[in-house]
Amino acid sequence: ALSEARAAHSPVRHDLSGPGAREIRRLADELRTAIDEDQLLLAYQPKIHVRRQEINSAEALVRWAHPERGLILPGDFIGAAEDGDVIDLLTLWTIRRAIIDQRSLQAAGHDLRIFINISGQLLADQAFVDAACHLVAEADAKLGFEVTETSVIRDPDSAIANLQRFADIGIIIAIDDYGAGLSSLAYLKQLPARELKIDKLFVTQLTSSNRDPLIVRSTIDLAHALEMEVVAEGVETHSALALLTVMGCDMVQGFLISRPIALEALLTFLEEDRHHHVSQDTRASFTN
Ligand code: C2E
Ligand code: MG
Ligand code: MG
Ligand code: MG
145 ALSEARAAHS PVRHDLSGPG AREIRRLADE LRTAIDEDQL LLAYQPKIHV RRQEINSAEA
205 LVRWAHPERG LILPGDFIGA AEDGDVIDLL TLWTIRRAII DQRSLQAAGH DLRIFINISG
265 QLLADQAFVD AACHLVAEAD AKLGFEVTET SVIRDPDSAI ANLQRFADIG IIIAIDDYGA
325 GLSSLAYLKQ LPARELKIDK LFVTQLTSSN RDPLIVRSTI DLAHALEMEV VAEGVETHSA
385 LALLTVMGCD MVQGFLISRP IALEALLTFL EEDRHHHVSQ DTRASFTN
């Protein structure tokens, strides 16, 4: 019956109305198996600190090596994981994996903070928050959590309280996809966030649009006024990097520096960086 259902309609590509309840349940069940059978992978995308010219953190992005369908990107299963109530298990797996990988990085001499994406609904899930705090505190791991503002607006009181619990045990909070969702300056001010990530929507078109540079510059100024560091995601070109540098952006992340890569490739990347600091090309545009 399972293979019939698979043949009947594409199981992961959602149509505009989204997957039905049965489809979500099936995908969520498959994800539970995937977690048990180690089919999930983490890809790491480094962030470069512009002024210090160093890589001090990386973001963990989950992928699903599906036995039949091949590699599936998170856009095609995180929604079902959320709706099918398996996102807590998936995220706890991600935290555990990131802690193990961070130890491997440390053993190779690379002290990186690893950032993990946390779905909004988990900020209202006390069992998840307790379990996540326990894992991180017990391992004494150096982590960051990325959350969107939209996820805070749903239930601000519990979200803010739980973000504070994370911050209290040394987890750095980053606001992800800033500017793309529902933004409220009233909440932004109250969040215990130390980093603000400007959505790639404003960054990929930075040098070909008239308005995006104004939006990005004012966002950088706003974040600095709130004593947050700014990360630009989706940096794909040298010209975007040069402009962000002039604007005082603190950190950059994007295909120009590195795509999300497996742990082994990240280790190689960091070894090369240790010798060349940042690649000559990238370094040149820092100073231009
Ligand atoms: P995000 O956290 O905003 O991650 C950035 C996405 O942009 C990633 O897509 C990354 O591969 C992509 N990206 C990075 N640099 C560039 C660039 O220079 N240009 C362009 N065009 N894209 C770039 P990915 O890996 O497919 O992840 C998509 C989203 O899935 C993430 O967005 C995040 O919201 C979510 N996600 C990923 N892993 C997890 C996870 O473990 N848990 C949860 N809850 N969500 C996750
Ligand atoms: Mg649950
Ligand atoms: Mg993110
Ligand atoms: Mg983002």
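For what it's worth, full-length UniProt numbering labels the leading residue of the sequence shown as 145, then goes sequentially. All C-beta atoms in this analysis are idealised placements derived from N, C-alpha and C, irrespective of residue type, glycine included. Quantities reported herein were computed from a predicted structural model and do not represent experimental measurements.
- Between LEU146 and the rest of its own chain, which residues show a CB-CB distance below 8 Å, the 5 nearest in sequence each way excluded? Note that LEU146 scores 40 on pLDDT, short of 50, meaning its location in the model is unreliable and no value can be drawn from it.
- Task: Check whether the stretch 190-199 touches the stretch 225-237, taking contact to mean three or more Cβ pairs, one atom from each stretch, closer than 8 Å.
- Result: They do not touch, by the three-pair rule.
- Message: Using only the alpha-carbon positions, how far apart do ILE199 and ALA165 sit?
- Response: 42 Å
- Are LEU340 and ILE319 close, meaning C-beta to C-beta below 9 Å? Contact: yes.
- Quickly, what does DSSP pair TRP208 with across the bridge? List them, please. LEU184, ILE216
- Message: Buried or exposed for residue 436, going by 16 or more other Cβ atoms inside 10 Å?
- Response: With the chain running from 145 to 432 in the structure shown, residue 436 is simply not present.
- Task: Confirm, please, whether the CB-CB distance from LYS286 to ARG241 is below 9 Å.
- Result: no
- Query: Contact check, LEU400 vs GLU380 under 8 Å by CB: the rounded distance?
  - Reply: Indeed, because the Cβ distance is near 5 Å, the residues count as touching under 8 Å.
- Out of curiosity, what's the CA-to-CA distance linking LEU414 and ALA406? 12 Å
- Query: Could you name the residues, in chain order, whose CB is less than 5 Å away from a heavy atom belonging to ligand 3?
  - Reply: ASN261, GLU290, ASP320
- Query: If you compare alpha carbons, which of SER248, GLY264, ALA376, ARG361 is closest to ARG298?
  - Reply: GLY264
- Message: At the level of alpha carbons, what is the spacing between GLU408 and LEU186?
- Response: 11 Å
- Query: Where does HIS419 sit, in a helix, a strand or coil, going by DSSP?
  - Reply: Residue state, collapsed to three classes: helix.
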